[in-house]
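Q: Let me give you the structure first, and then I'll get to my questions.
In UniProt numbering, the protein residues as written are 1 to 290.
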């Protein structure tokens, strides 16, 4: 099985299309807990050539509506709606939008689906409403919605520090990835607050050279804890480890393998499809959004 693809909103009349790409964390280190309760991190964000699809049509009602075939997308709490509301102080009174979401990425999977949806909404409405906020302001608004949102606003593969909002654009080889969804959702707040979480990783300094020469990628500080708490994740990691370095992305639940060539990833994907939802994707250094 592959990740579900919603087809009901393919090229709706009068709407413009805006991609919301997924991401992987190729490296994720936790340096410590801050006084404000957040954690200092270091992570390498790799954007992917797949993700959710967003369609937007401006209206003059002053209201923003959201439609989706995906059952788990609540209206008021959805990050798309929150992103649109973040732009309210800057838009005209009668400027609104009708938004349709093809939700392809599972939630609680570590692929950044919600954050990417929010970033795409900020970028799209900034243009469609002719607000003309600079990118840094959009990142500031995005940070209030989630620490991962700014990397999607900037649209570049990046080395992230702080809580994930201090970004250094970089490049990595655009490799192929087999991503497996173990059919379990991870509650990020529970993982971050768990007493057994490792919080004392040593920081890494990124050299001026290309990132792949600077890092031995594949470490995720959340992986041991998530694998212990979620047998489904542990099973997927153990199976994929037969074929290479299997790694958790974000706090999970998705795990992935890295390949140099498409034919290699598709061969292993065929072995996984009977057990899990799978996704074959290629890394991209620049988002299709920008």
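By construction, the Cβ of each residue, glycine as well, lies at the ideal position given by its N, Cα and C atoms.
As a quick exercise: from 201, 177, 103 and 162, pick the residue whose alpha carbon is nearest that of residue 29.
A: Here the question's residue 29 lines up with position 29 in the chain shown. Residue 29 has its Cα closest to that of 201, out of 201, 177, 103 and 162.
Q: From residue 336 to residue 21, what distance separates their C-alpha atoms?
A: Residue numbering for the chain in the displayed model covers 1 to 290; residue 336 lies beyond these limits and cannot be assessed.
Q: Quick check on DSSP: helix, strand or coil for residue 118?
A: Position 118 of the chain shown, counted from the first residue, corresponds to residue 118. Helix, per DSSP.
Q: Specify the secondary structure class of residue 171 as computed by DSSP and reduced to three states.
A: For the purposes of this step, residue 171 is taken as the residue at position 171 of the chain shown. Note: residue 171 maps to coil in three-state DSSP.
Q: Taking residue 154 and residue 135 to be in contact with their CB atoms under 8 Å, please state how far apart those CB atoms are, rounded to whole angstroms.
A: On the chain shown, position 154 is the one that residue 154 refers to. On the chain shown, position 135 is the one that residue 135 refers to. Indeed they touch by this definition, with Cβ atoms about 7 Å apart.
Q: Quick check: the Cα distance between residue 161 and residue 191, rounded to an integer number of angstroms?
A: Counting from one through the chain shown, the residue named residue 161 turns up at place 161. Counting from one through the chain shown, the residue named residue 191 turns up at place 191. In a straight line, the C-alpha of residue 161 is about 19 Å away from that of residue 191.
Q: How about residue 217 and residue 69: are their beta carbons less than 7 Å apart?
A: Translated into positions along the chain shown, residue 217 becomes position 217. Translated into positions along the chain shown, residue 69 becomes position 69. Not a contact, by the Cβ cut-off of 7 Å.
Q: Taking 7 Å as the threshold (C-beta atoms), are residue 115 and residue 186 in contact?
A: In the chain shown, the residue the question calls residue 186 occupies position 186. In the chain shown, the residue the question calls residue 115 occupies position 115. No, the Cβ-Cβ distance between residue 186 and residue 115 is not below 7 Å.
Q: Could you check what DSSP says for residue 67 in three-state terms: helix, strand or coil?
A: In the chain shown, counting from the first residue as 1, residue 67 sits at position 67. It is a strand residue.
Q: In the DSSP assignment, find the unbroken alpha helix (DSSP H) run with residue 231 in it and report its ends.
A: The residue you call residue 231 lines up with position 231 of the chain shown. Note, residue 231: alpha helix (DSSP H), 231 to 240.
Q: According to DSSP, what are the bridge partners of residue 55?
A: What you label residue 55 is simply residue 55 of the chain shown in a count that begins at 1. In the DSSP output, where bridge partners are listed per residue, residue 55 has 17 and 100.
Q: Is the segment 60 to 68 close to the segment 76 to 91, with three or more CB pairs under 8 Å?
A: Segments in contact, yes.
Q: Look at residue 181 and residue 231 and say whether their C-beta atoms are less than 7 Å apart.
A: Against the chain shown, residue 181 aligns to sequence position 181. Against the chain shown, residue 231 aligns to sequence position 231. For residue 181 and residue 231, no; Cβs fall outside 7 Å.
Q: Within 10 Å of its beta-carbon, does residue 34 have 16 or more other beta-carbons around it, so buried, or fewer, so exposed?
A: On the chain shown, position 34 is the one that residue 34 refers to. Classification of residue 34: exposed, given that the 10 Å Cβ count is below 16.
Q: Helix, strand or coil: how does DSSP classify residue 32 here?
A: Residue 32 sits at position 32 when you count from the first residue of the chain shown. Strand at residue 32.
Q: With a 10 Å radius around its C-beta and 16 neighbouring C-beta atoms as the bar for buried, classify residue 130 as buried or exposed.
A: For the purposes of this step, residue 130 is taken as residue 130 along the chain shown, with counting starting at 1. Answer is exposed; the Cβ neighbour count stays below 16.
Q: Residue 10: which of 122, 99 and 132 sits nearest, CA to CA?
A: Your numbering for residue 10 matches position 10 in the chain shown. Among 122, 99 and 132, the Cα nearest to that of residue 10 belongs to 99.
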